[in-house]
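Numbering (our numbering), first residue to last: 86 to 216.
All C-beta atoms in this analysis are idealised placements derived from N, C-alpha and C, irrespective of residue type, glycine included.
Just so you know, these numbers come straight off a predicted model, no measurement behind them.
Structure first, commentary second.
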């Protein structure tokens with residue numbers, strides 16, 4: 086990248102939230118490089134291209150085609166951290182449910198089964214009047 090292959094540029098960095106640039110370009114493939122005023126600063130960038138012809142834009146970095154790309158922006162990093170905490174909590178709930186299920190199965194296995202010959206009521210209550 087040198088001054089020889091840069092078509093238009095914005096000049097010196099300016100601390101503004103919005104920047105407009107107009108350029109007359111011949112049909113072709115161009116790369117727009119967007120940077121922040123402060124080195125290392127991250128944030129969302131919106132680019133609008135107006136053309137008299139069909140034009141399209143694509144993000145080339147960070148690559149969007151990677152299935153599990155590393156988070157690059159602050160929002161992506163916060164989202165990844167939240168996802169990690171949610172998955173850890175879900176694993177904890179699943180482990181707790183598995184322990185409870187095991188305890189229930191153990192309690193059922195250790196329970197004394199009632200004798201089928203014995204009724205639910207004591208003998209003296211079955212025949213009123215002692216007869």
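Just so you know, the alpha carbons of residue 87 and residue 177 end up roughly 54 Å apart. The distance from the Cβ of residue 93 to that of residue 106 is about 6 Å, consistent with a contact at the 8 Å cut-off.
Its chain contains no residue whose beta carbon lies nearer than 7 Å to that of residue 182 once the 5 sequence neighbours on both sides are disregarded.
The three-state secondary structure of residue 129, taken from DSSP, is coil.
Straight-line spacing of the CA atoms in residue 188 and residue 194 works out to 10 Å. Distance check between residue 132 and each of 109, 113, 158, 120 places 120 closest, using alpha-carbon atoms only. With a cutoff of 8 Å on beta-carbon distance, residue 158 and residue 127 are scored as near each other. Going by DSSP, residue 178 is part of the alpha helix (DSSP H) stretching over 159 to 195.
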